[in-house]
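Colleague: In this note's numbering, the protein residues as written are 1386 to 1602.
After the structure tokens below, expect a handful of questions from me.
So, in structure tokens, the structure goes:
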């Protein structure tokens, strides 16, 4: 059997209450719940309300609000969306740590002597790169702010937005740092911020692709 329009609206309302508003997952979850209800009605000869209650009880554990250290404990969303976000972002999280720690460890342990001119040139180079990354990041933030559709990728972008503040601090300290002094902490933070700018661009592009795909379908 197929559910009526009113019954489908009940399922849609349930997803709204559970904050399943991410268009790359909502249709799939909606279809699964509808299918579960239809199967239960047919198999057990139940009324819609009874089947709806039984199915939503089963789904509640997948839609409970949770957070993760990958994104920060202040960011909570339905478990099924969070698990998808972690699957997408986990690799990028560990890459960002590598990009930070590799320059720090190399500068701390490898016995390399730089001339004052080389250090000065490197500091200027980092300032230019960080400033360019900041401008790109700011432009992406504006584009993201104008985009109202929600996807798993838009959630990831939301959790990455604070990195713009990190970039500002890095640029400030790079400008304040003596030109003949190479601070490994600043080099590491600068490298990490540039990588996070690229990450933000990557996930913004993925967000647009998801919006295009699911808006069409």
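Idealized CB from N, CA, C, for every residue including glycine.
Going by the DSSP bridge assignment, what does residue 1488 pair with across the sheet?
Modeller: Residue 1488 pairs with nothing; no bridge assigned.
Colleague: Taking only three categories from DSSP, how would you classify residue 1594?
Modeller: helix
Colleague: Counting C-beta neighbours from all protein chains within 10 Å, is the total for residue 1409 16 or more, i.e. buried, or is it exposed?
Modeller: buried
Colleague: So, do the region 1510-1522 and the region 1572-1587 have three or more beta carbon pairs nearer to each other than 8 Å?
Modeller: yes
Colleague: If distances are taken between C-alpha atoms only, which option among 1515, 1546, 1516 comes closest to residue 1528?
Modeller: For residue 1528, the nearest C-alpha among the options comes from 1546.
Colleague: Can the beta-carbon of residue 1553 be found less than 8 Å from the beta-carbon of residue 1589?
Modeller: Result no, Cβ atoms of residue 1553 and residue 1589 do not sit closer than 8 Å.
Colleague: Look up residue 1483 in the DSSP assignment and say whether it is helix, strand or coil.
Modeller: helix
Colleague: Hey, quick one: how far does the beta strand (DSSP E) through residue 1451 stretch, first residue to last?
Modeller: 1450-1453
Colleague: Please work out which residues of its chain come closer than 7 Å, Cβ to Cβ, to residue 1354, disregarding the five sequence neighbours upstream and downstream, and give them in chain order.
Modeller: With the chain covering 1386 to 1602 only, the question about residue 1354 has no answer from this structure.
Colleague: Looking at the unbroken beta strand (DSSP E) that takes in residue 1462, where does it start and where does it end?
Modeller: 1457-1463
Colleague: Give the secondary structure of residue 1394 by DSSP, where H, G and I count as helix, E and B as strand, and everything else as coil.
Modeller: helix
Colleague: Determine the DSSP secondary structure at residue 1405, reduced to helix, strand or coil.
Modeller: coil
Colleague: Quick one, which of 1561, 1515, 1586 has its alpha-carbon nearest residue 1574's?
Modeller: 1515
Colleague: Classify residue 1575 as helix, strand or coil using the three-state DSSP reduction.
Modeller: In this structure, residue 1575 counts as helix in the three-state DSSP scheme.
Colleague: Among 1548, 1569, 1414, which has the Cα closest to the Cα of residue 1465?
Modeller: 1414
Colleague: If I measure Cβ to Cβ from residue 1512 and keep anything under 8 Å in the same chain, skipping five residues before and after, which residues do I get?
Modeller: 1556, 1559, 1560
Colleague: Is the region 1421-1439 touching the region 1468-1482 in the sense that three or more CB pairs, one from each, lie closer than 8 Å?
Modeller: no
Colleague: Run through DSSP, which three-state label would residue 1467 get?
Modeller: DSSP places residue 1467 in helix when its eight states are reduced to three.
Colleague: Would you give the residue range spanned by the alpha helix (DSSP H) that residue 1511 belongs to?
Modeller: Unbroken alpha helix (DSSP H) run through residue 1511: 1501-1531.
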